[in-house]
Amino acid sequence: MVERIGAELPSISVQDKVPTGAPTPYEVTTSFASYLKNALHEVNALQKASEKMNQGLAAGQIQDLHQVMIASQKSGIALELTMQLRNKVVEAYQEIMRMQI
Numbered sequence: 001m002v003e004r005i006g007a008e009l010p011s012i013s014v015q016d017k018v019p020t021g022a023p024t025p026y027e028v029t030t031s032f033a034s035y036l037k038n039a040l041h042e043v044n045a046l047q048k049a050s051e052k053m054n055q056g057l058a059a060g061q062i063q064d065l066h067q068v069m070i071a072s073q074k075s076g077i078a079l080e081l082t083m084q085l086r087n088k089v090v091e092a093y094q095e096i097m098r099m100q101i
C-alpha cells in the first residue's frame, strides 16, 4: 500500500527547488557594496552642484534663486538621508555585537 502511494507521487528533488541563476553571497555583497558606493557618489555630486550654484548666485552669474534653493534642498535632504542610513547601520551593527551566542 505504501509503495503504491509513493509510486503515484511525483518525485521531488532538492535540485528542482534551487534556482539555477541564484547569485552567490559574494555576488550579493559586491552588488550591495557597489550600490552604496554609487549612492554616495550621487550624494557627493548633489553637494558639489549645490555649492557651485550657490557660488554662481553669490557672483551674480545665476539669477534664478528658485533653482539654487531647489538644488540646496535636494543636497540637504540627500545628506540627511545618508546620515540617517549610516546611523541605522551602526545601530544594527551594535545590536548584533551585543547578541550572546
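Counted from 1, the sequence shown has number 32 at position 32 by the numbering used here; the numbering is strictly sequential. C-beta atoms are modelled at their ideal positions from N, C-alpha and C, and glycine is treated no differently.
- [ ] Return helix, strand or coil for Thr82, following the three-state DSSP convention.
- [x] Here Thr82 sits in helix by DSSP.
Open item on the list: Spatial neighbours of Ser184 within its chain, please: C-beta separation below 6 angstroms, excluding the five flanking residues on both sides.
Closed with: In this structure the chain extends from 1 to 101, so residue 184 is not present and cannot be described.
TODO: Consult DSSP for Gly56 and reduce its assignment to one of helix, strand or coil.
DONE: Annotated three-state conformation of Gly56 is helix, per DSSP.
Task: Segment contact flag, the region 53-70 with the region 32-45, C-beta cutoff 8 angstroms, min 3 pairs - done: In this structure the region 53-70 does not lie against the region 32-45, because fewer than three pairs of beta carbons, one per stretch, are closer than 8 angstroms.
Open item on the list: Using 8 angstroms as the threshold, is the C-beta distance between Ser72 and Asn54 below it?
Closed with: If you check the CB distance, Ser72 and Asn54 come in under 8 angstroms.
- [ ] Would you tell me roughly how many angstroms separate the C-alpha atoms of Ile96 and Asn38, rounded to the nearest one?
- [x] Cα to Cα, the separation comes out at about 26 angstroms.
TODO: With a cut-off of 8 angstroms on the beta carbons, I'd call Leu106 and Val28 a contact; round off their distance for me.
DONE: Outside the displayed span of the chain (1 to 101) sits residue 106, for which this structure offers no information.
Task: Met53 Cβ short of 7 angstroms to the ligand FMN heavy atom set - done: The ligand FMN is absent from the structure shown, which contains no ligand whatsoever.
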